[in-house]
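**Q** Those protein sequence lines, which keep their order, are chains A and B. Each residue of the first sequence is one higher than the last, beginning at 113 in our numbering. Each residue of the second sequence is one higher than the last, beginning at -12 in our numbering. Positions of the beta carbon are idealized from the N, C-alpha and C atoms, including for glycine.
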Amino acid sequence: MRAVLDSKVVATKLLALVGNPNVGKSVVFGNLTGRYVTVSNYPGTTVDVSRGAGWFAGEQVQIVDTPGILSLFPKSEDERVTRDLLLRERPWTVIQVADAKNLARSLLVTLELGRLGIPMVLALNMSDEARQRGIEIDAPRLSKILGVPVVETVATTKEGMAELRRAVSSARVPSVREDLLAEAAEALDRVVNCLPVPVPAREFVAESLLYGDATVWKPIVQVSESVEREGARCMTVSSSASKRFARPIRFLILDSRQQKAREIAAEVVQVTGATGSTWAQAFGRLSMRPWPGYLIAAGALYILYQFVGVFAAQTLVDIFENVLFGKILNPAVIRLTDFLVPVPFLREMIVGPYGLFTMAVTYALALILPIVTCFFLFFGILEDSGYLPRLAIMLDRAFRTMGLNGKAVLPMILGLGCDTMATLTTRVLDSRKEKIIVSLLLTLSVPCSAQLGAMLGMTAGLSWKVLAIWFCVVAGTMVLVGWGAARILPGVRSPFLMEIPPIRIPQAKNLYKKIRARLGWYLREAVPLFLLATFVLFVMDKTGMLVLAREAAQPIVQGLLGLPAAAADSFIIGFLRRDYGAAGFFMLAQNGLMDPRQTTVALVVITLFMPCVAHFLMTIKERGLFPALAISAFVFAFSIAVGGLLNLVLKSGLIGV
Amino acid sequence: MTTQKKYPIPSAEQEDLEESLGAVYHCFERGIRDKKSILAVLEEVVNVEAYGKLLSRGYAREAGSDVELSGEGMKLAEDVTRRHRLAERLLTDVLALSSHYVDPNACKLEHIISPEVAQSICALLGHPSECPHGSPIPRGECCREAGESVEPIISSLDKLSDGEKGRIAYLLLKNHPELHQLLALGLVPGTVFSLHQTHPTYVVQAGETTIALEKDIAEKIFVRRTG
C-alpha cells in the first residue's frame, strides 16, 4: 500500500519551465521530454501549455512548458496562464530559461520567482549567440549572487542539457532580493502579515493584492473557503497601503526590481565586443528599412506565389490529380467497388459523380493537400526565421488605415493558409475592436491556401487581367471594409509595439514537426467536412433537392452573377468548405463551362463568400455568437452585391477580360 | 540672530510689481502703448495701485499720452516674461500638464524661479524661442552663449533621427498597458539605446533587445541625446 502511495507521489512531481518569450523554452522542453511542441519566433504563439514527462536522477517527473512572460504579475492572457499554473500546481522545481544575451530582463523574472518560494535553476540559453556577440557571463558568480544553480545551455544543439538535468537536484529558492523603498517594503509587510496562515507564496500573493489584483485568489482559493474571506480583509488593508503613494506602487516596486536586475547583470556580464555582425543580423536590419524592406516583402510574397500558387497548385496538383488519382487510384477504386459493392446506390455513393472517394477524397488529397502542405512549409520558414515581425513593421502603415496595427500581420498571413487557424491566433491582438476587424476581414477578404490554389488554377491560361481584376476588387474591398469598420466599431486602435527577434536560420527538425502538427490539425478539421459536404450533395442529388436548390438559387447565380446553373453546387458546398467550393469552380473552368467573364465573377464571389463551417464555428468560439452571425450576414450580402456589380461592369464592356 | 535667505519667498508687493511689468511688456508686444489702455489692463490683472507703484519705483514713466519703461524696468519686464514663458514650456512639454493648469501654475512659478533655475530650464528645453501660445520668449544670457539653434537636451523619441543614440529620461505613458510592456521589455528610464530607424515605424535597439514602436508611443518616450 505504502509503495503504491510513494510511486504515485513520485509520478506527480512537477517541473515547470518558465521564461521570457522567444528564449527557446519549447526547445529545452523538447530536449528534456523527447516530445516536441511548436517553437516559433513570433511573440505570443505558445499560448497553449504543453506537458510531457522526463527523467531526472532516476525519477520520472512531469514537465510543463508555460507560455512566455515578461512579468509574473500578469498583464496578458499568457502571463495569467503561467502565474495561475505556478500557484495552483506548486511545481516541485522551476527551470527558468533565460536569454543569455538579455540577462537583465530575465533576472527581473528571477527576482519575481523568488517571491514564489519554489526551488529553481537558471538556464542561460542561447549562450552561443551571446558568445558570438562577445557577451560573456560569469555563471559561478551569478549563481552565488542569486543563490540558485546557473547552467549555460544551447538548447538547439543540446549543449549543457546534461548539466541542466544534474542541476535540478540542487535547485534552491533564490536568496536574492531587490532593495525596496522602505515605505514600499513596509506596505508589503503589512499585507503579508494580514494573510491567513495557509496561503502559499505569501509574499507573491501580498504583492499582487497590493497591486489591486484580486484574481490571484482564483488559483489558490481551493486551499479553503475561509481563506478567501480573510483575504478580502487583506484587500482592504492593501488598498489603503497602496493609496499612500503618489506613483502606482506597482511601478515603484518594478523600478527597484529593475535596478537590482541591472546591477546584477552589470556585475556578471562582460561585453568584449561583438565578433562582427553576421549576414543574418545584417539582413535582419535591412529588412526593417523602407529600402530595401518593401522590396524584400514583395519578394517574399512573390516567392509565396511561385511556390504555392504555381509549383503546388499547378505542378503538384497536376501530378496528384491527373496521374495519381485520375490514372491510378480512381480507376482502381472504381473497379474494386464494382467488384465488392453489389448495390448500385451504395456504389454511386462511393465512386459516383458525388462519390465520397471520387469527389471528397480526391479533392482533399489531390487538390488541397499539396497546396496546404507547401503553404505551411513556407509559413513555418517565415515564422522560424523571425521575418514575420519585420513584415509587421513594413505593413503597419497599411494596416493602420484599417484600424489595426502591424501585429495583425500574423493572423492575416496565416489566414492565407487556413482562416480557421488564423481566427484562433487573433488572440495575439490587444483590443476587442482589432479582434473583430481581423475576424471580419479574414471572413471576407482572405482566401485560404486551398481556395487560393484552386483559384490560381482557374486562371491558368487566361489573361493576366483576370487575376489583376480579382486582386484589385478583393484588396480594394478589404481596405474599404476595414476602413469603414474601424470608424463604425467602438473602441480604440492600440498603437504598435512589438519586440523584434533576431533573424535565425530555421531548423529542419523544428519545421518538420511544426508542419506535421499543423497539417494534422488541418486534415482532422477538413476531411470530415469534405466527406459530409459530399454526402449532403449526394443525398440532395438523389432526392432531387439539388435541382430544386439550383432553381431556387437561379435568380442569383444565373441572373445576378451570370454564372452557369451548375455553379450553384459550388456555392452549396462552399457553405461547408470554401476551398471545396473553389475546387468546384475549378472543375467547371477546367471542363470549359465558364468563359473568362464568368471565371472573374466566380473568383471574386467565392473569395468574398461566407466562411466555411469550421471557420464560422471558430468565429463563434472566439468572438461570440452575435458578432459571428453579423459578420456572416454582412459578408453574404456584400459578396453577392460586389459579384453582381462586377458582372454588370464586365458585361457592359467597360473593362474587357 | 537673523538668517539671510539666499532665495527669499517674494513678498506680495514684489509679486505684484513683477506681474505689472509682465503685463506692460505684453501690451508693448502687441503695440499698445497709450496710458489709458495700459491702466485698464493693469487694473484688471493686478490692482488699481499697480500703475502708481510702477511710476514711483521708477520702472515706468509717462511720455505724452504713452507709457514707456525705464532701462531697469525693461530689464525686469523681459526677465519676468522670460521666466513665465519658460515655466509654461516646462509645464507643457515636460510635465505634460493640460493647458487648463498651465497658466495659473506658470503665474506662480515665474516669481520663485531663480536665475540659475531659469537658465537650466532654458538649457533643458533647448533654449526655446516661443511659449506654447506662440509668443516669443526673451532670450537670456544662456541662449546667446549657446548660439543660434540648439537641440533640446531632452526631447521625445520621435524627434530623433536615424542612427542617433540616447538614454531614456522618462516615460509619459501614465497607466497605459503599453507602459507596462515597455518597462518589462527593459525600456526603463536610464536605458541606453540607439534609434535604428524611424520609418515605416520606429525601431529602437537597447542592448540585445530590438523593439518596434509607432509614433504614438515614441512621442511619449523622452530621451536625452548622447550623440
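Does A/Leu366 come within less than 9 Å of chain B when only Cβ atoms are used?
**A** On the first sequence, residue 366 of chain A is found 254 positions in, with the first residue counted as 1. Chain B contact via Cβ: present.
**Q** Evaluate contact between the region 711 to 724 of chain A and the region 738 to 748 of chain A, counting only Cβ atoms and requiring at least three cross-stretch pairs below 8 Å.
**A** Yes, since at least three Cβ pairs between the region 711 to 724 of chain A and the region 738 to 748 of chain A fall closer than 8 Å, the two stretches touch.
**Q** What are the start and end residues of each continuous beta strand (DSSP E) run of 3 or more residues lying completely inside the region 156 to 201 of chain B, in chain order?
**A** The region 156 to 201 of chain B contains these whole beta strand (DSSP E) runs: 179 to 184, 189 to 193 and 196 to 200.
**Q** Which residues mark the beginning and the end of the beta strand (DSSP E) in which B/Ala50 is found?
**A** Counting from 1 along the second sequence, the entry for residue 50 of chain B is found at position 63. Where B/Ala50 is concerned, the enclosing beta strand (DSSP E) stretches over Ala47 to Ala50.
**Q** Quick one: using the 10 Å Cβ neighbour count with 16 as the cut-off for buried, is A/Trp582 buried or exposed?
**A** Indexing the first sequence from 1 puts residue 582 of chain A at position 470. By the neighbour-count rule (16 or more Cβ atoms within 10 Å), A/Trp582 is buried.
**Q** Do the region 548 to 567 of chain A and the region 472 to 486 of chain A meet, that is, are 3 or more Cβ pairs less than 8 Å apart?
**A** These segments touch.
**Q** Please list, in chain order, all residues of the same chain as A/Glu546 whose beta carbon is under 6 Å from its beta carbon, the five residues on each side excluded.
**A** Looking up residue 546 of chain A in the first sequence gives position 434. Closer than 6 Å at the Cβ level, and outside the excluded window around A/Glu546, lie Leu516.
**Q** Can A/Leu503 and A/Thr646 be called in contact, C-beta distance under 9 Å?
**A** Within the first sequence, residue 503 of chain A is the residue found at index 391, counting from 1. Within the first sequence, residue 646 of chain A is the residue found at index 534, counting from 1. Result no, Cβ atoms of A/Leu503 and A/Thr646 do not sit closer than 9 Å.
**Q** Could you tell me which chain A residues have their CB closer than 8 Å to the CB of B/Thr213, listed as they occur along the chain?
**A** For the purposes of this step, residue 213 of chain B is taken as residue 226 along the second sequence, with counting starting at 1. Result: empty, since nearest Cβ-Cβ is about 17 Å, beyond 8 Å.
**Q** Tell me whether B/Ile99 sits in a helix, a strand or coil according to DSSP, three-state version.
**A** Position 112 of the second sequence holds residue 99 of chain B. B/Ile99: helix per DSSP, three-state reduction.
**Q** Within a Cβ cutoff of 8 Å, which residues of the same chain sit near A/Glu433, ignoring the five residues on either side of it in sequence?
**A** Numbered from its first residue, the first sequence carries residue 433 of chain A at position 321. Counting only Cβ-Cβ distances below 8 Å, and skipping sequence neighbours, we find Thr474, Ala478 and Leu479.
**Q** Spell out the partners DSSP gives A/Phe168 in its beta bridges.
**A** The residue you call residue 168 of chain A lines up with position 56 of the first sequence. In the DSSP output, where bridge partners are listed per residue, A/Phe168 has A/Glu171.
**Q** Go through the region 700 to 738 of chain A residue by residue and report every complete run of the alpha helix (DSSP H) that reaches 4 residues or more, in order.
**A** With a minimum length of 4 residues, the continuous alpha helix (DSSP H) runs that stay inside the region 700 to 738 of chain A are 708 to 720 and 725 to 735.
**Q** Hey, which unbroken runs of the beta strand (DSSP E) at 3 residues or more fall wholly within the region 178 to 236 of chain A?
**A** Listed in chain order, they are 205 to 211.
**Q** What does the Cβ neighbour count give for B/Glu31, buried or exposed, with the cut at 16 atoms within 10 Å?
**A** Your numbering for residue 31 of chain B matches position 44 in the second sequence. The residue is exposed, with fewer than 16 neighbouring Cβ atoms inside 10 Å.
**Q** Using the beta-carbon count (16 or more within 10 Å), is A/Gln382 buried or exposed?
**A** Counting from 1 along the first sequence, the entry for residue 382 of chain A is found at position 270. When all chains shown are included, A/Gln382 counts as exposed.
**Q** Spatial neighbours of A/Pro618 within its chain, please: C-beta separation below 6 Å, excluding the five flanking residues on both sides.
**A** Within the first sequence, the letter at position 506 stands for residue 618 of chain A. Closer than 6 Å at Cβ, skipping near neighbours: Ile493, Asp496 and Ser497.
**Q** Compare the Cα-Cα distances from A/Ala701 to each of A/Asp508, A/Cys346, A/Tyr417 and A/Leu568 and report the closest residue.
**A** Here residue 701 of chain A refers to the residue found at position 589 of the first sequence. The shortest C-alpha separation from A/Ala701 is found at A/Leu568.
**Q** Where do the ends of the beta strand (DSSP E) carrying A/Leu672 lie?
**A** On the first sequence, position 560 is the one that residue 672 of chain A refers to. Unbroken run through A/Leu672: none, as it is neither H nor E.
**Q** So, helix, strand or coil for B/Ile141, using DSSP?
**A** For the purposes of this step, residue 141 of chain B is taken as residue 154 along the second sequence, with counting starting at 1. B/Ile141 falls in the strand class under three-state DSSP.
**Q** Output the distance between the C-alpha atoms of A/Ala412 and A/Val521, rounded to the nearest integer angstrom.
**A** In the first sequence, residue 412 of chain A corresponds to position 300, counting from 1. In the first sequence, residue 521 of chain A corresponds to position 409, counting from 1. Rounded to the nearest angstrom, the two C-alpha atoms are 14 Å apart.
**Q** Using three-state DSSP, classify A/Ala572 as helix, strand or coil.
**A** Here residue 572 of chain A refers to the residue found at position 460 of the first sequence. Correct three-state label for A/Ala572: coil.
**Q** Pull out every residue of the region -7 to 18 of chain B whose Cβ sits closer than 7 Å to any Cβ of chain A, in chain order.
**A** Answer in chain order: no residues at all.
**Q** Go ahead and pull the three-state DSSP assignment for B/Phe209.
**A** The residue you call residue 209 of chain B lines up with position 222 of the second sequence. B/Phe209 falls in the strand class under three-state DSSP.
**Q** Considering only residues of the same chain and omitting the five flanking positions on each side of B/Thr213, which have a CB-CB separation below 6 Å?
**A** Working through the second sequence from its first residue, we reach residue 213 of chain B at position 226. Correct list, in chain order: Lys152, Gly153 and Arg154.
**Q** Can you check whether the CB of A/Leu481 is closer than 9 Å to the CB of A/Met514?
**A** Stepping through the first sequence from its first residue, residue 514 of chain A is reached at position 402. Stepping through the first sequence from its first residue, residue 481 of chain A is reached at position 369. No, the pair does not count as a contact, with Cβ atoms beyond the cut-off.
**Q** With a threshold of 9 Å between beta carbons, is B/Leu169 in contact with chain A?
**A** The sequence position of residue 169 of chain B within the second sequence is 182, counting from 1. Output row for B/Leu169: interface = yes.
**Q** Residues of chain A with CB closer than 7 Å to the CB of B/Leu78, please, in chain order.
**A** Stepping through the second sequence from its first residue, residue 78 of chain B is reached at position 91. Neighbours of B/Leu78 on chain A: none; closest Cβ ~17 Å, over 7 Å.
**Q** Please state if the CB of A/Ala680 and the CB of A/Ala661 are separated by a distance shorter than 9 Å.
**A** Your numbering for residue 661 of chain A matches position 549 in the first sequence. Your numbering for residue 680 of chain A matches position 568 in the first sequence. Going by C-beta atoms, A/Ala661 is nearer than 9 Å to A/Ala680.
**Q** Sorted by chain position, which residues of the same chain lie with C-beta nearer than 8 Å to A/Leu223's C-beta, five sequence neighbours on each side aside?
**A** Position 111 of the first sequence, counting from 1, holds the residue named residue 223 of chain A. Around A/Leu223: Pro286, Val288, Arg289, Glu290, Arg369, Lys372 and Ala373.
**Q** Does the CB of A/Asp496 have a neighbour CB from chain B at under 9 Å?
**A** In the first sequence, counting from the first residue as 1, residue 496 of chain A sits at position 384. No, no contact with chain B.
**Q** By the 10 Å Cβ neighbour count, where 16 or more other Cβ atoms means buried, how is B/His71 classified, buried or exposed?
**A** Working through the second sequence from its first residue, we reach residue 71 of chain B at position 84. So B/His71 counts as buried.
**Q** Taking only three categories from DSSP, how would you classify A/Ala313?
**A** Position 201 of the first sequence, counted from the start, is the residue given in the question as residue 313 of chain A. Looking at A/Ala313 - three-state DSSP - the assignment turns out to be coil, as it is neither helix nor strand.
**Q** With H, G and I counted as helix, E and B as strand and the rest as coil, what does DSSP make of B/Leu56?
**A** As a first step, residue 56 of chain B must be located in the second sequence, where it is residue number 69. Looking at B/Leu56 - three-state DSSP - the assignment turns out to be strand.
**Q** To be precise: take each residue of the region 173 to 207 of chain A, compare its Cβ to all Cβ atoms of chain B, and keep it if any distance is under 7 Å. Which residues remain?
**A** Flagged, chain order: Leu182, Ser183 and Lys187.
**Q** Hey, how far is the Cα of A/Ser152 from the Cα of A/Pro456?
**A** Along the first sequence, read from residue 1 onward, the residue named residue 152 of chain A stands at position 40. Along the first sequence, read from residue 1 onward, the residue named residue 456 of chain A stands at position 344. In this prediction, A/Ser152 scores a pLDDT of 42, lower than 50, which makes its location untrustworthy; no coordinate-derived value is stated.
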